[in-house]
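What follows is a set of notes on a single structure, which appears directly below.
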Amino acid sequence: MTKYTKTLDKLQLLIELVEETESDEVTDNELFDDHLISASVMMNVVRDFHTGKKMPDADTERETLAETMKAANKIWRIRNKIKNGAGSSNKLTIDFDIEDFIKQDRKLDGIKHYRSEMEKLTGDAPSLKTSKEYCDVIQDDMRRRGLI
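Pasting the structure below:
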């Protein structure tokens, strides 16, 4: 068993979870789910390392694998929440993105991101005040959970 086998197995589990929780409806905007595309790309990157098709230096390899694992974990959390009935993919993805911005001390970017994504989803951007209040609630929840 190589060092990539476990990672490939876990990425396969992620792909199966995404397929299980994706909507059967095709929209005018998307034919394929963004999470499925991301998970497939991650699988290809790790498979290329495993087969030797791509041989980066050790530091680049570690960095790429770490970023792949972080992205996979984020999708995994979102998809498990969807599976357990906690909401839609778009809404949960936005919330996790806002959490990432807040963790990086970039709350203003989180507010901008929320406004932009909600405009894409609904066709109408929420007010700056509403967006800030939404991000404040997420930040307060993160404090309560000990994430910041």
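Counting from -12, one number per residue, gives the positions in the sequence shown under my numbering.
A virtual CB, placed ideally from N, CA and C, is assigned to each residue, including glycine.
Could you tell me the alpha carbon to alpha carbon distance between residue i and residue j, rounded to whole angstroms?
i	j	result
Leu52	Lys(-3)	13 Å
Met30	Asp82	25 Å
Thr142	Phe36	As shown, the chain starts at -12 and ends at 135. That puts residue 142 outside it, with no answer to give.
Ile24	Ile62	11 Å
Lys116	Met105	14 Å
Asp92	Ser118	17 Å
Ile89	Asn77	18 Å
Asp123	Glu86	11 Å
Met42	Arg49	12 Å
Leu95	Thr80	17 Å
Tyr136	Leu134	Residue 136 falls outside the range modelled here, since the chain spans only -12 to 135, and no answer is possible.
Asp44	Leu0	28 Å
Name the residue from the options whose alpha carbon lies nearest to the alpha carbon of residue i.
i	options	result
Lys(-7)	Asp20, Leu4, Val33, Glu3	Val33
Leu(-5)	Phe19, Ser103, Ala59	Ala59
Asp84	Glu50, Glu9, Gln126, Leu1	Gln126
Tyr(-9)	Gly72, Met56, Lys90	Met56
Leu4	Thr(-11), His22, Val13	His22
Ile2	Gly72, Glu12, Ala26	Ala26
Gly74	Lys41, Thr(-11), Leu0, Ser10	Ser10
Thr38	Thr(-11), Glu17, Ser114, Pro113	Thr(-11)
Glu54	Leu95, Val28, Leu79	Val28
Asn71	Gln(-1), Leu0, Glu17, Thr8	Thr8
Which runs of the alpha helix (DSSP H) fall wholly inside the region 13 to 82 and span at least 4 residues, in chain order? 21 to 38, 45 to 70
How about the region 108 to 116 and the region 127 to 134: do they share at least three Cβ pairs that are nearer than 8 Å? no
Any chance the region 94 to 101 sits against the region 62 to 74, with 3 or more Cβ pairs inside 8 Å? no
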